[in-house]
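Q: Protein chains in written order, with our numbering: chain A, 1 to 413; chain B, 1001 to 1413.
From the three backbone atoms N, C-alpha and C, an ideal C-beta is built for every residue, glycine too.
Number of protein chains: 2
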Amino acid sequence: MTLVVQKFGGTSVGGTDRIDAVAERVVAARDAGREVVVVVSAMAGETDRLLGLARAISTHGRPNPRELDVLLATGEQVTIALLCMALEKRGITARSFTGRQAGIVTDSGHTRARILEIRGEALLEEIRHGRVPVVAGFQGVDAAGNITTLGRGGSDTTAVAIAAALRADECQIHTDVSGVYTTDPRIEPNARRLERISYEEMLELAGQGSKVLQVRSVEFASRYKVPVRVLSTFESGAGTLIAEGNGTVEAPEIVGIASSRDEAELRVSAPSAELLPGMIGALAGSRIEIDLIVQNLAVDGSANVTFTVSRQDYDQAREILAHFFRASDVRIEGDSRVAKVSVIGNGIRAQRADVAARMLGALAREGIVARQIATSQIRISVVVRETEMERAVRALHHEFGLQHAVTGREANA
Amino acid sequence: MTLVVQKFGGTSVGGTDRIDAVAERVVAARDAGREVVVVVSAMAGETDRLLGLARAISTHGRPNPRELDVLLATGEQVTIALLCMALEKRGITARSFTGRQAGIVTDSGHTRARILEIRGEALLEEIRHGRVPVVAGFQGVDAAGNITTLGRGGSDTTAVAIAAALRADECQIHTDVSGVYTTDPRIEPNARRLERISYEEMLELAGQGSKVLQVRSVEFASRYKVPVRVLSTFESGAGTLIAEGNGTVEAPEIVGIASSRDEAELRVSAPSAELLPGMIGALAGSRIEIDLIVQNLAVDGSANVTFTVSRQDYDQAREILAHFFRASDVRIEGDSRVAKVSVIGNGIRAQRADVAARMLGALAREGIVARQIATSQIRISVVVRETEMERAVRALHHEFGLQHAVTGREANA
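Here's what the structure looks like:
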């Protein structure tokens, strides 16, 4: 029999009426002859409420991480109990499982724990008895039995990890969008839902600003080859299947355009290149991640480096640089109003120069200058002014014909 | 070193400001050189909020008991985390323990589980390291690892059970009253706080309407000889110590007057006594508990039985009786507006008739008729009209001189 793991996020379980709707989705899957394991998040707003309590009572608003995990884990525990009640009302025998009861063992990295192992016997036993196990996402226990949480997007990771451990046929991520789109439909109304996308492409999309799935859960799915389907809780439809690529690539296939406003740019001009490596170290020491980086060396030995950081790190990064270069003749400039636009697709692998040329050409025709450019195997990203971002997305979406069928990938519905 | 278990109820932890105040109480105990284990309830209102969610989503508003326990257990889990954060802010290393983590093993009677065993090693280990364990009251796990709750007053029971398991010197129940009183001060302003009371007397007080402590926790304390001190979270003071009686009793010592409005009276008049035992069985089958019961047999063989039930069971009890006697010539009458007033004290044991005579005499002088009377080793209870209850309490409080010092028992503060 087919086994599916169905995960429902916070918006999908945001009230008792919505939990009833989720129960109906589970009933439908069972009626279609499937075995189901359900994974749920905390009800929308609940995590924020708990965080507010924790900040109010903690030293400098920074709660102890172990205790924060104990606190936050209650959010999902509430949802599993309520969903089981809603399922029972529909004649389905369901039993709730906390992270611990589901056998989810993590390391001890409170608030950002990693799953080490899933002891799936208890869940399999439930399935064998025809019952529906409802598992709290986002949480586990370490080897000593301390409650841990997995950090952002943790419930997606729980769902994928359980699907891997139970060798489920599919992991369904039910969310408030109907699948993965070629770009953000709020920016480009012609954006199309993809029927299928590879793990690698999805990883790049997620890493470059698509919020449909967290990077970690896609990495997990990719490693264990778990087919993941993103679909809407509230509408019917096949959603988007994330699975292995089909190997041969003939056309310069592009699956999507990602964009992110969460960017800021810093430029450092120094009379010599010597100080620059230390600067990177100083930023890394404060856990500030540097993204795109371009270095120019002039014939006189002077150098300038331009790089991007997350916008929320911008002020701190400027301070660190000012402190680091306080005794040197170094100029620091910055712009916190930039954005990153990325073209993503497996087709880039074979024809990167061609894709890059088309990309820059399309932007140029719009009068948009790519201030920086960076590439990976299946992605080309550019930094543009924030005010130009949406226009850049639409121009690139059109340039690569994403409003039309992407061979074998377009959605039917 | 002295080890105390400090339990704080829902009102005491009803908000982050109150949790801060509780943390100060713990700090004070530590500063006084004591080792402390803390047990807490859910924040006031939280259990009702969760129950509301459960009822809204369940079949006929009756949630599955296993899942209800999973849901309700989150209430205490929130409090333990927040209190640990508040303690850390004050420089105390504290660690939270869910029922499971604290080693509280119960039977599988969901929503009213009984503690079977406390595996106290983890808590003792904390104390050995100079840390303060903060334990979730009201909850445990059964042998299969299912989350259970202990039902009403469960947190008091948790605290007493932990004190017994760890051989603590004292179990302190911090509540919103400053101790155990000779009677309800809202009825009799001259009520006095008792400095000390025996387990047996406290059991009778709790069983007869005093809401300071639940009967179960007192039974537990009595069985394991745990000294329990009831005191206020919000005011200083020595409270009331519940401990073993001092053995010899010379005066007809009365410690308190309990009263309860939660009563209703039923009278059944039958032409023969034959049917009556079956009637009791029918009520018991619906889990309706019968309290005082008086049976009169007339010379013609007819019989009448008068008994009391909890007021909330009154309507259902009448229906059951009407159904049970539907084919018989039996008259059923009832009064849901009665109350029970009890005189309690170890002194009753030796001089019951004397105490009963004084009791009835004092009531008679007030024009109050005792409709029924029942006695135990250290208690005499009467049923009166509800409208007469408060007057009865005041008359008896005065009759037994409770406004004055009770030998060796009156409070100093």
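Give the interface partners of asparagine 64 (chain A) over in chain B, defined as CB-CB distance under 8 Å, in chain order.
A: The residue given as residue 64 (chain A) occupies position 64 in the first sequence. Residues of chain B passing the Cβ test: Cys1084, Met1085 and Glu1088.
Q: Just the C-alpha distance for glycine 1154 (chain B) and leucine 124 (chain A), rounded to the nearest angstrom, thanks.
A: Your numbering for residue 1154 (chain B) matches position 154 in the second sequence. Your numbering for residue 124 (chain A) matches position 124 in the first sequence. Approximately 33 Å between the Cα atoms of the pair.
Q: Around the Cβ of asparagine 1146 (chain B), are there at least 16 other Cβ atoms within 10 angstroms (buried) or fewer (exposed)?
A: If you number the second sequence from 1, residue 1146 (chain B) lands on position 146. Of the other Cβ atoms in all chains shown, 16 or more fall within 10 Å of the Cβ of asparagine 1146 (chain B); this residue is therefore buried.
Q: List the whole-angstrom C-beta distance separating aspartate 20 (chain A) from alanine 73 (chain A), where the pair is believed to meet the contact cut-off of C-beta under 8 Å.
A: As a working mapping, residue 20 (chain A) is identified with position 20 in the first sequence. As a working mapping, residue 73 (chain A) is identified with position 73 in the first sequence. With 8 Å as the limit, aspartate 20 (chain A) and alanine 73 (chain A) do not qualify as a contact, their Cβ atoms being about 24 Å apart.
Q: Quick check: what's the CA-CA separation for threonine 407 (chain A) versus aspartate 156 (chain A)?
A: Walking along the first sequence from the start, residue 407 (chain A) turns up at place 407. Walking along the first sequence from the start, residue 156 (chain A) turns up at place 156. Its pLDDT being 48, under 50, threonine 407 (chain A) is placed unreliably in this model, and the coordinates cannot settle the point.
Q: Applying the criterion that 16 or more other CB atoms from any shown protein chain within 10 Å of the CB defines a buried residue, is valine 1369 (chain B) buried or exposed?
A: For the purposes of this step, residue 1369 (chain B) is identified with residue 369 of the second sequence, where counting begins at 1. Exposed, since its Cβ has fewer than 16 Cβ neighbours within 10 Å.
Q: Give a yes or no on whether the C-beta atoms belonging to glycine 75 (chain A) and alanine 32 (chain A) are separated by under 8 Å.
A: Against the first sequence, residue 75 (chain A) aligns to sequence position 75. Against the first sequence, residue 32 (chain A) aligns to sequence position 32. It is not a contact, given that the beta carbons lie outside the stated cut-off.
Q: Does any residue of chain A have a CB that is nearer than 8 Å to the CB of valine 1070 (chain B)?
A: Mapped onto the second sequence, residue 1070 (chain B) falls at position 70. At least one chain A Cβ lies under 8 Å of valine 1070 (chain B).
Q: Run through the stretch 2 to 89 of chain A for me and flag every whole beta strand (DSSP E) of 3 or more residues, listed as ranges in chain order.
A: 3 to 8 and 35 to 40
Q: With a CB to CB cut of under 7 Å and the five nearest residues on each side skipped, what residues in its chain are close to leucine 1283 (chain B)?
A: By one-based count along the second sequence, residue 1283 (chain B) stands at place 283. Excluding residues within five positions, the ones whose Cβ falls inside 7 Å are Ile1290, Ala1317 and Ile1320.
Q: Does the stretch 1389 to 1404 of chain B come close enough to the stretch 1348 to 1364 of chain B that 3 or more CB-CB pairs lie under 8 Å?
A: yes
Q: Mind pulling the chain A residues with CB within less than 7 Å of aspartate 1048 (chain B)?
A: For the purposes of this step, residue 1048 (chain B) is identified with residue 48 of the second sequence, where counting begins at 1. The premise fails here: aspartate 1048 (chain B) is roughly 14 Å from chain A at the closest Cβ pair, so nothing lies under 7 Å.
Q: May I have the straight-line CA-CA distance separating isoleucine 1254 (chain B) from valine 1382 (chain B), to the nearest angstrom?
A: On the second sequence, residue 1254 (chain B) is found 254 positions in, with the first residue counted as 1. On the second sequence, residue 1382 (chain B) is found 382 positions in, with the first residue counted as 1. Isoleucine 1254 (chain B) and valine 1382 (chain B): Cα-Cα distance of roughly 16 Å.
Q: With distances taken Cα to Cα, identify the nearest neighbour of arginine 30 (chain A) among A:Val70, A:Ile92 and A:Val78.
A: For the purposes of this step, residue 30 (chain A) is identified with residue 30 of the first sequence, where counting begins at 1. For the residues A:Val70, A:Ile92 and A:Val78, the minimum Cα distance to arginine 30 (chain A) belongs to A:Ile92.
Q: So what does DSSP say about histidine 1110 (chain B), is it helix, strand or coil?
A: Locating residue 1110 (chain B) in the second sequence gives position 110, where the first residue counts as 1. DSSP places histidine 1110 (chain B) in coil when its eight states are reduced to three.
Q: Tell me the residue span of the beta strand (DSSP E) that contains histidine 174 (chain A).
A: Residue numbering aside, residue 174 (chain A) sits at position 174 when the first sequence is read from its first letter. The continuous beta strand (DSSP E) containing histidine 174 (chain A) extends over residues 170 to 175.
Q: With a cut-off of 8 Å, does the C-beta of leucine 53 (chain A) fall near any C-beta of chain B?
A: As a first step, residue 53 (chain A) must be located in the first sequence, where it is residue number 53. Taking Cβ atoms only, chain B reaches closer than 8 Å to leucine 53 (chain A), which makes this a yes.
Q: Is alanine 1273 (chain B) helix, strand or coil when you go by DSSP?
A: Within the second sequence, the letter at position 273 stands for residue 1273 (chain B). DSSP places alanine 1273 (chain B) in coil when its eight states are reduced to three.
Q: Please list, in chain order, the chain B residues whose beta carbon lies closer than 8 Å to that of alanine 113 (chain A).
A: To locate residue 113 (chain A), count along the first sequence from 1; it is residue 113. Correct list: empty, because the minimum Cβ distance to chain B is about 16 Å.
Q: Figure out for me which residue from A:Ala122, A:Gly137, A:Arg131 and A:Arg128 has the closest Cα to the Cα of isoleucine 115 (chain A).
A: Taking the first residue of the first sequence as position 1, residue 115 (chain A) is located at position 115. Closest by alpha carbon: A:Gly137.
Q: Tell me which residue opens and which closes the alpha helix (DSSP H) that glycine 120 (chain A) is part of.
A: If you number the first sequence from 1, residue 120 (chain A) lands on position 120. Element bounds for glycine 120 (chain A): n/a, residue is neither H nor E.
Q: Answer yes or no: do glutamate 204 (chain A) and isoleucine 344 (chain A) have a C-beta to C-beta separation smaller than 8 Å?
A: The residue labelled residue 204 (chain A) in the question sits at position 204 within the first sequence. The residue labelled residue 344 (chain A) in the question sits at position 344 within the first sequence. Their beta carbons are under 8 Å apart, which means glutamate 204 (chain A) touches isoleucine 344 (chain A) by this criterion.
Q: Short check: CB of glutamate 390 (chain A) to CB of lysine 340 (chain A), under 8 Å?
A: Along the first sequence, read from residue 1 onward, the residue named residue 390 (chain A) stands at position 390. Along the first sequence, read from residue 1 onward, the residue named residue 340 (chain A) stands at position 340. The Cβ atoms of glutamate 390 (chain A) and lysine 340 (chain A) do not sit closer than 8 Å to each other.
Q: Looking at C-beta atoms only, is the number of pairs between the stretch 1043 to 1061 of chain B and the stretch 1168 to 1176 of chain B that lie closer than 8 Å three or more?
A: These segments do not touch.
Q: Taking the alpha-carbon of arginine 1119 (chain B) as reference, which of B:Ala1144, B:Ala1081 and B:Ala1165 has the nearest alpha-carbon?
A: The sequence position of residue 1119 (chain B) within the second sequence is 119, counting from 1. Residue B:Ala1165 is the option with its Cα nearest to arginine 1119 (chain B).
Q: Threonine 16 (chain A) touches chain B at which residues, Cβ-Cβ below 7 Å?
A: By 1-based counting over the first sequence, the position of residue 16 (chain A) is 16. Chain B residues near threonine 16 (chain A): Leu1053, Ala1056 and Ile1057.
Q: Give a yes or no on whether the minimum CB-CB distance between serine 108 (chain A) and chain B is below 8 Å.
A: Counting from 1 along the first sequence, the entry for residue 108 (chain A) is found at position 108. Judged by the 8 Å Cβ criterion, serine 108 (chain A) is not in contact with chain B.
Q: Going along chain B in order, which residues have a C-beta closer than 9 Å to the C-beta of threonine 2 (chain A)?
A: Residue 2 (chain A) sits at position 2 when you count from the first residue of the first sequence. By Cβ distance, chain B contributes nothing, its closest Cβ being about 26 Å from threonine 2 (chain A), past 9 Å.
Q: Taking all protein chains shown into account, decide if proline 277 (chain A) is buried (16 or more other Cβ within 10 angstroms of its Cβ) or exposed.
A: One-based indexing of the first sequence puts residue 277 (chain A) at position 277. Classification of proline 277 (chain A): exposed, given that the 10 Å Cβ count is below 16.
Q: Show which residues of chain B have a CB atom less than 7 Å away from the CB atom of serine 96 (chain A).
A: Here residue 96 (chain A) refers to the residue found at position 96 when the first sequence is read from its first residue. Those within 7 Å of serine 96 (chain A) in chain B are Glu1067 and Val1070.
Q: Look at the Cβ atom of isoleucine 1378 (chain B), then the Cβ atom of isoleucine 1332 (chain B), and state whether they are nearer than 8 Å.
A: For this step, residue 1378 (chain B) is matched to residue 378 along the second sequence. For this step, residue 1332 (chain B) is matched to residue 332 along the second sequence. Cβ distance not < 8 Å, so isoleucine 1378 (chain B) and isoleucine 1332 (chain B) don't count as in contact.
Q: In terms of residues, what are the limits of the beta strand (DSSP E) holding serine 310 (chain A)?
A: Sequence index remark: in the first sequence, residue 310 (chain A) carries index 310 (1-based). Its beta strand (DSSP E) spans residues 303 to 310.
Q: Using a Cβ cut-off of 8 Å (strictly closer), state whether glutamine 1431 (chain B) contacts chain A.
A: This structure cannot settle anything about residue 1431 (chain B), because the visible part of chain B is limited to 1001 through 1413.
Q: Contact defined as beta carbons within less than 8 Å: I believe valine 330 (chain A) pairs with arginine 371 (chain A). What is the distance between those atoms, to the nearest angstrom?
A: Within the first sequence, numbered from 1, the residue matching residue 330 (chain A) stands at position 330. Within the first sequence, numbered from 1, the residue matching residue 371 (chain A) stands at position 371. Rounded, the Cβ-Cβ distance is 20 Å, inconsistent with contact.
Q: Is it buried or exposed, asparagine 1346 (chain B), if we count other Cβ atoms within 10 angstroms and call 16 or more buried?
A: Taking the first residue of the second sequence as position 1, residue 1346 (chain B) is located at position 346. Buried, because 16 or more other Cβ atoms sit within 10 Å of the Cβ of asparagine 1346 (chain B).
Q: On a CA-only basis, which of A:Ser222, A:Met279, A:Arg287 and A:Pro271 is nearest alanine 303 (chain A)? Give me that one, please.
A: Residue 303 (chain A) sits at position 303 when you count from the first residue of the first sequence. Ranking A:Ser222, A:Met279, A:Arg287 and A:Pro271 by Cα distance to alanine 303 (chain A) puts A:Pro271 first.
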